[in-house]
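Trainee: For the sequence shown, the UniProt record's numbering begins at 1 and goes up steadily by one. Here it is, the structure, as structure tokens.
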Amino acid sequence: MNWKILKNETDYNKASMRLMEIFHATPNTPESDELELLLVLIKDFDEKNYQLPELDALEVIKYKMKEMGIKAKDLEPLIGSKGHVSAVLSGKRDITLKMAQKLKNYFSIPSDVFLHSA
């Protein structure tokens, strides 16, 4: 099929279905070229039509803490004193770039989480 810009949900659904059919295409084949094109078209449609919610860095940190079973005191090497950790987790103190880097590495989360908070 000759693909064009996806203009509606029907086009999007057809492209998504085809993408799933050829997802494991052998590299350097016509199907792999089609796969690459579909990925670009679908990404473009998604960016134009679907707004992802912004993540709150503090909520992500608290979620990861719960998930990993760690306490606030475990963050002291990353953030600083007990008071600093408490102030950051309560939202009274901003996350610095240095803290964001350490937290990103510690929790293995994308740095994008901190772009609006740091």
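Cβ coordinates follow ideal geometry from the N, Cα and C atoms, glycine included. A quick note: this is a predicted structure, and the numbers were derived from the prediction, not measured.
Between the stretch 96 to 106 and the stretch 71 to 79, do three or more beta carbon pairs fall short of 8 Å?
Mentor: At 8 Å Cβ cutoff, the stretches touch.
Trainee: Could you please give the first and the last residue of the uninterrupted alpha helix (DSSP H) stretch that includes Ser16?
Mentor: Numbered from 1 along the sequence shown, position 16 holds the residue referred to as residue 16. From DSSP, the alpha helix (DSSP H) with Ser16 extends over Glu9 to Glu21.
Trainee: Would Ile22 and Leu37 qualify as a contact pair, given that the criterion is a beta-carbon distance under 8 Å?
Mentor: Numbered from 1 along the sequence shown, position 22 holds the residue referred to as residue 22. Numbered from 1 along the sequence shown, position 37 holds the residue referred to as residue 37. Contact: no.
Trainee: Helix, strand or coil for Ser108? Go by DSSP, reduced to three states.
Mentor: As a position in the sequence shown, residue 108 is number 108, starting the count at 1. In the structure shown, Ser108 sits in coil (DSSP, three-state: anything other than H, G, I, E or B).
Trainee: Along the chain, which unbroken stretches of the alpha helix (DSSP H) at least 4 residues long are found entirely within the stretch 22 to 104?
Mentor: Correct list: 30 to 49, 57 to 68, 76 to 79 and 82 to 89.
Trainee: Give the straight-line distance between the Cα atoms of Asn2 and Ile70, rounded to the nearest whole angstrom.
Mentor: For this step, residue 2 is matched to residue 2 along the sequence shown. For this step, residue 70 is matched to residue 70 along the sequence shown. Their Cα atoms are separated by approximately 52 Å.
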